[in-house]
Structures are given as structure tokens and as C-alpha cells.
Amino acid sequence: MKFYLPQNIFTRILRTELSEDNDIGFQFLPSALISKKLMTEDDAIGLIPSMDLVTYKDFFVSAEIGISFNALLSNSYLHFKENQTTIDKLFLKGDISSNEALLSKILLKEMYDIDITPRLVTPEFMVQDENILIAGDENYEKELFLNGLSFAEEIIELINAPYVNFLLASKDDSALKSFVINHRDDFISGHPDSFENFLVGYPSQSVEFISVNMQHVIFDLEDQDLEGIKTLLQLPYYHGITNDLFEIKFV
Numbered sequence: 026m027k028f029y030l031p032q033n034i035f036t037r038i039l040r041t042e043l044s045e046d047n048d049i050g051f052q053f054l055p056s057a058l059i060s061k062k063l064m065t066e067d068d069a070i071g072l073i074p075s076m077d078l079v080t081y082k083d084f085f086v087s088a089e090i091g092i093s094f095n096a097l098l099s100n101s102y103l104h105f106k107e108n109q110t111t112i113d114k115l116f117l118k119g120d121i122s123s124n125e126a127l128l129s130k131i132l133l134k135e136m137y138d139i140d141i142t143p144r145l146v147t148p149e150f151m152v153q154d155e156n157i158l159i160a161g162d163e164n165y166e167k168e169l170f171l172n173g174l175s176f177a178e179e180i181i182e183l184i185n186a187p188y189v190n191f192l193l194a195s196k197d198d199s200a201l202k203s204f205v206i207n208h209r210d211d212f213i214s215g216h217p218d219s220f221e222n223f224l225v226g227y228p229s230q231s232v233e234f235i236s237v238n239m240q241h242v243i244f245d246l247e248d249q250d251l252e253g254i255k256t257l258l259q260l261p262y263y264h265g266i267t268n269d270l271f272e273i274k275f276v
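Just so we're on the same page, the numbering used here is the position in the sequence shown counted from 1, plus 25.
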């Protein structure tokens, strides 16, 4: 079985907490590519951005395993220019997925009652007095999180529920069920107290921030996380971005 994961700190932590399984081949990819990969392969599962389900409605989704944020820690951070009365543009940088593209538009509509189309920029784009949403490890590698707004926290406030950033999904329900049965108990003991040895080379403030707040990142989903997923996936419909609501195929 192939298991595709986004390239970020949180998926790597999840990988280390899984029990050994020689039947699984792990591969890290940009998060925006994983759903497409799952469509072309049998006997494969992946952690996909939750908003990918808007496009890939036929995927089966685990009701037990995912990556859910319920406080300050986040995979993405918003940076706003100072002394502005409104926002006329927002740049997207890093490991951008459907979550950042769709939810940033919805969030700004809710926060400022403005309609914008977020614009993707290259990795070389310099963050200098611009409104920008940065996704991925750059936030911690360069300590950018210190001056940013937690995207997870903003979404949590918007939906009044945890922000499930990544769903464990597959087009093959038997592969998904098999993995969950074998690994759903791997996360019972929680996370380590410190990630100093795991985050070698990261700035000390980043290591401390992640170590202190990782307790608020959940891999074994609960009822409140499932409600959060449902609410999240209704947002594009209620904001006129999509034309229909749909049932999530939980297994």
C-alpha cells in the first residue's frame, strides 16, 4: 500500500508516531498533488487537504484519523500590512492547497466583507509589507509565525469547531479501512513532550512553540472534529463558490 503525505512538520510527526508496517510505502508530496495521485492508483491512501473533497466528492474519508488543529498552532499563517483600512489583494506562498485558496477568500469575506481572488506567488517572492498567507514549514524555519496570525485559529473562530486541515482519504474504501484498523490505536498515548531531537536545525523559539502547543494538534479524530469537517465543507456553498452540498463518505 502507498501512503502519500504532504511535506510539512505535522505530517512528519504523524509518520513517526505510526507503528512499524512493512506493507506501507510512504511518499511525501506537495499537498496540492496528493488527491490527483490517489485518483490514478489503487491500494493507496493519503492525507489530503480537507477542501479537496469539494472536487473529489467520491473519496472515502476516515472518521478516525486525520490532522486537526484546535488552538494556536497552525500549518499556515496570515501576515497583514500595517495601517491599512481594507485589503485589496492577498498573496499565497508555500505549500498552497485548496484549503488556503478557498478558505482565505471566505475568511476575508467574513472578516472584512471584501471579495478578493488570492494570488499564488513563487517561492522566491519576498515578504515585504504585503498581505500574504504562507503555508508550510517556512513559517517555523524562518520564525515567520512570530509575526503572523494563525490561520488555524482564524478558521476555528469562523466555524466554532476544530480546523481539520488534512483528511485521511482514498478512492479504495478497503485500503482505508485496513490502514485505520491497523493504526488507529497508534495515537492513544499522545505526542512527545519535546520535539527538540525531531526538529534539529530549527530555531529554538520554533522548537519551543511547537513542543508546547503540539498537544492541541489531534491525529485521532473525535466527534467535534467530524462536525468541524462538515461545517468547513459547507462554507463554499454558502458563499456561492460551489453549487451544491454533498455527503461526506466517512468510513
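Yeah, the Cβ is synthetic: ideal placement off N, Cα and C, and Gly gets one too.
- Remark: C-beta atoms of ASP218 and SER236 approach each other more closely than 8 angstroms.
- Bounds of the alpha helix (DSSP H) holding ASN207 are 198-208.
- As the crow flies, the alpha-carbon of ASN95 is around 5 angstroms from that of PRO187.
- Here LYS114 has ILE141, ARG144 and ASN156 as same chain residues with Cβ atoms under 7 angstroms from its own Cβ, once five neighbours each way along the sequence are excluded.
- Under the DSSP definition of a beta bridge, SER175 partners with TYR102.
- Counted as a single uninterrupted DSSP element, the alpha helix (DSSP H) harbouring PRO261 occupies residues 248-263.
- Of all alpha-carbon atoms in ILE243, LEU246 and ASP197, the one lying nearest the alpha-carbon of PHE28 is that of ASP197.
- Residue environment for SER123: buried (at least 16 other C-beta atoms within 10 angstroms of its C-beta).
- DSSP, read as helix, strand or coil, puts GLN52 in strand.
- For the 8 angstroms CB-CB criterion, TYR165 and SER93 do not form a contact.
- Here DSSP, grouped into helix, strand and coil, assigns TYR188 to strand.
- In terms of Cβ geometry, PRO261 and VAL79 form a close pair [threshold 8 angstroms].
- Counting along the chain, PHE234 sits inside the alpha helix (DSSP H) bounded by residues 229-238.
- Annotation for PHE35: ILE92, ASN100 and VAL242 place their beta carbon closer than 7 angstroms to its own, counting only its chain and skipping 5 residues before and after.
- With 16 or more neighbouring CB atoms inside 10 Å of its own CB, GLY71 falls in the buried class.
- The C-beta separation of LEU103 from LEU174 comes to about 4 angstroms, placing the pair in contact by the 8 angstroms criterion.
- The shortest C-alpha to C-alpha distance from LYS255 to any of SER75, PRO228 and LYS130 is the one to SER75.
- GLN32 places its beta carbon less than 8 angstroms from that of LEU54.
- Closest in alpha carbon position to PRO148, among VAL205, ILE159, ILE49 and ASN172, is ILE159.
- Fully contained in the segment 98-162 are the following beta strand (DSSP E) runs of length 3 or more, in chain order: 101-104, 116-119 and 157-160.
- According to the DSSP secondary-structure assignment, PRO31 is paired through a beta bridge with LEU54.
- By a beta-carbon distance limit of 8 angstroms, LEU193 contacts ILE90. Their separation comes to about 5 angstroms.
- The beta carbons of ILE73 and ILE59 sit about 5 angstroms from each other, so the pair counts as a contact at 8 angstroms.
- Taking a C-beta distance under 8 angstroms as the contact criterion, ILE273 and LEU258 qualify as a contact pair.
- In terms of Cβ geometry, SER195 and ALA69 form a close pair [threshold 8 angstroms].
- When DSSP reads this structure, LYS274 sits in a beta bridge with PHE85.
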